[in-house]
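Beneath this line is the structure, given in structure tokens, with notes to follow.
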Amino acid sequence: MSNLSRRKLITGGLTAAAGAAGLAVAARLANRYGLIPPDSGSLYGAGATLTYASQRLLTRHSMAREFPRSFISKNPFPNGDPPRDAGFRRLEAGGFADWRLSVEGMVARPASFSLADLKSYPQRSQITHLACEEGWSFIAEWTGVALSHVLDVAGILPQAKYVVYFSVQRDWWDSVDMADALHPQTLLTYGMNGADLPVGHGGPLRVRVPRQLGYKSIKHVSRLLVTDSLKEYWPESSYSWYAGI
Ligand SMILES: Nc1nc2c(c(=O)[nH]1)N[C@H]1C(S)=C(S)[C@@H](COP(=O)(O)O)O[C@H]1N2
Ligand SMILES: [Mo]
158 MSNLSRRKLI TGGLTAAAGA AGLAVAARLA NRYGLIPPDS GSLYGAGATL TYASQRLLTR
218 HSMAREFPRS FISKNPFPNG DPPRDAGFRR LEAGGFADWR LSVEGMVARP ASFSLADLKS
278 YPQRSQITHL ACEEGWSFIA EWTGVALSHV LDVAGILPQA KYVVYFSVQR DWWDSVDMAD
338 ALHPQTLLTY GMNGADLPVG HGGPLRVRVP RQLGYKSIKH VSRLLVTDSL KEYWPESSYS
398 WYAGI
């Protein structure tokens, strides 16, 4: 991905704005309150720590803005190509009846869910903004089940710290910490604007993390992994791990 320079600009700007003294204070605070993000050792560590720590302190319990129906965008923009491989096409032709979401890792009851299973759980809808780091955005109504509900069914173990979610598109996966995984607005969505979630927007199943930038909302998700370390699951992209907005 070619977003290195953009990220550099953003984090560079933050760092400059905070100033060296501010950063030192932020780092100390972050350390004390367990707010070091997992990419703090990276090139943009100081900026990433500052963003994550300040957002977590200020917004741990905050909600992404929800909009009235009249705000729903007329022409939402599907970004990137949907999967084109034979396996996905076969699943699509079958109405995704054979689609499965597996939940693995640090859970008491590893499980595999069909869309019908997920639809049998309490349904949540929210009208939220999806903002791409490239500058465009749209508002849509997203319908699904709270990620926290599915995690409860699987039973997360106490040592779990992150949830990694994988698309069937091999290059796309991402992760959130437990604060975002258990946040009431973080959904596994199967519906959009009152219809099935279109394949272009991540059908049949997509994670929505409305408190972070669009790239954290991974499309075509078929696997969740609960873990205490992201070492093996570091995204290949140059995006910042924490993308709070
Ligand atoms: N599997 C997968 N997930 C993805 C992407 C993708 O190309 N493939 N693009 C990401 C990016 S960068 C953004 S901004 C949003 C775009 O969502 P949309 O296609 O519904 O507009 O999806 C995110 N999730
Ligand atoms: Mo994006």
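For the sequence shown, position 203 (counting from the first letter as 1) is numbered 360 according to the working numbering, and the numbering increases by one without interruption. Each residue gets a CB set at the ideal place from its N, CA and C atoms; glycine is no exception.
Judged by their CB atoms, His358 and Met349 are nearer to each other than the 8 angstroms cut-off. Any heavy atom of ligand 2 counts here; residues with a Cβ closer than 6 angstroms to one of them, in chain order, are Asn236, Cys289, Glu290, Glu291, Gly371, Tyr372. For Gly262, the enclosing beta strand (DSSP E) has its first and last residue at 258-262. Judged by the Cβ position, His358 qualifies as a neighbour of ligand 1 at the 7 angstroms threshold, a heavy atom of the ligand being closer than this. Short note on Gln326: C-beta closer than 7 angstroms to some heavy atom of ligand 1. Judged by beta-carbon spacing, Pro367 lies within the 8 angstroms limit of Gln283, meaning their Cβ atoms are closer than that value. Listed in chain order, the non-local C-beta contacts of Arg266 below 8 angstroms within the same chain comprise Val310, Ala311, Gly312, local neighbours out to five positions each way being set aside. The beta carbons of Val307 and His377 sit no closer together than 8 angstroms. Shortest gap from the CB of Phe234 to any heavy atom of ligand 1: under 7 angstroms. Leaving aside the five residues that flank Arg365 on each side, the residues in its chain whose CB is nearer than 6 angstroms to its CB run, in chain order, Trp299, Leu344, Thr346, Ser374.
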